[in-house]
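For the sequence shown, the working numbering begins at 16 and goes up steadily by one.
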Amino acid sequence: YTRDEGTIEMQIRARMSMSADGYVTTPSGWPALTADPAFVSGESHGIREFLAGCEAALMGRTTFEPALTNERWPWPNLNVFVLGSYRPAGTPDHVVVDSDPARLLESLRAANQGGDVHLIGGPRTIETYSALGALDKLELVVLPLLFGDGMRLTPPLSPDTGLELERERALPGGS
């Protein structure tokens, strides 16, 4: 089914921040966005707009585990699916954990009620679902910062990769 036929089809959308020199993490390994002085968790850089219409979060275990010790659950209104070889201690019962990316994708699709999925994680998780043909959109928030080191989203790309810039917009003041 497609949106054109009047039924809703979920999209799997990833959103990452990166420095102007191409790093998605700071040299110390934190997400690039956290280095921006205008960053406010859950509020800045258009995240609320991005999450509108999302009903689920899909992520790797490395991204998921720190949430288990957070004071507040980061995904209060989303179904959570985690790609991991084991279920971390303290994982809430409603969280689906599976070590097989294709099987986890099928579980996610079976549970879907028509909303989109926020694919959260690093380059490895994004590449895993891209390779399965499941990544519909990748939104990049390019920050006016230079890191000089950190983790890159991709290895160097050639101009003939087939990537297409869908749109660009300014997020003044990091909002």
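Cβ atoms here follow ideal geometry from the backbone N, Cα and C, with glycine treated the same way.
Length-filtered (3 minimum) beta strand (DSSP E) runs lying within the stretch 132–177: Counting only runs of 3 or more, we get 152–158.
Reduced DSSP secondary structure (H/G/I, E/B, other) of residue 19: With a pLDDT of only 48 at residue 19, under 50, the local geometry of the prediction cannot be trusted, and the value read off the model is given with reservation. Three-state DSSP puts residue 19 in a helix.
Could you tell me how far apart the beta carbons of residue 162 and residue 42 are, in whole angstroms, since I believe they sit closer than 8 Å? 6 Å
Less than 8 Å between the beta carbons of residue 93 and residue 71, yes or no? yes
Where residue 133 falls, given that 16 or more other Cβ within 10 Å makes a residue buried: buried
Compute the Euclidean distance between the alpha carbons of residue 98 and residue 109, then round it to the nearest angstrom. Within the model, the alpha-carbon separation for residue 98 versus residue 109 is close to 14 Å.
In its own chain, which residues sit with a C-beta less than 7 Å from the C-beta of residue 149, not counting the 5 before and 5 after it? 27 and 120
Among 85, 76, 32 and 123, whose alpha-carbon lies nearest the alpha-carbon of residue 101? 76
On the three-state DSSP scale, how would you describe residue 130? coil
Please report the residue range of the alpha helix (DSSP H) in which residue 70 lies. Counting along the chain, residue 70 falls outside any alpha helix (DSSP H), though it belongs to the beta strand (DSSP E) covering 69–75.
Report the option in 87, 155, 129 and 127 whose CA atom is closest to the CA atom of residue 137. Selected option, being the one with the closest Cα: 155.
Helix, strand or coil: how does DSSP classify residue 190 here? The predicted position of residue 190 is uncertain, since its pLDDT is 44 and thus under 50; a value taken from the coordinates is nonetheless stated next. Looking at residue 190 - three-state DSSP - the assignment turns out to be coil, as it is neither helix nor strand.
Take the Cβ of residue 180 as the centre, count every other Cβ of all protein chains shown within 10 Å, and call the residue buried at 16 or more, exposed below. exposed
How many Å lie between residue 40 and residue 30 at the Cα? 13 Å
Using the Cα positions of residue 54 and residue 62, report the straight-line distance between them to the nearest angstrom. 11 Å
Taking DSSP as the reference, what is the three-state secondary structure of residue 41? Here residue 41 sits in coil by DSSP.
Report the rounded CA-to-CA distance for residue 219 versus residue 168, giving the unit in angstroms. Here the chain comprises residues numbered 16 to 190, so residue 219 is not present and cannot be evaluated.
Reduced DSSP secondary structure (H/G/I, E/B, other) of residue 79: helix
Between the Cα of residue 83 and those of 166, 66 and 106, spot the shortest distance and give me the residue it belongs to. Ranking the options by Cα distance to residue 83, first place goes to 106.
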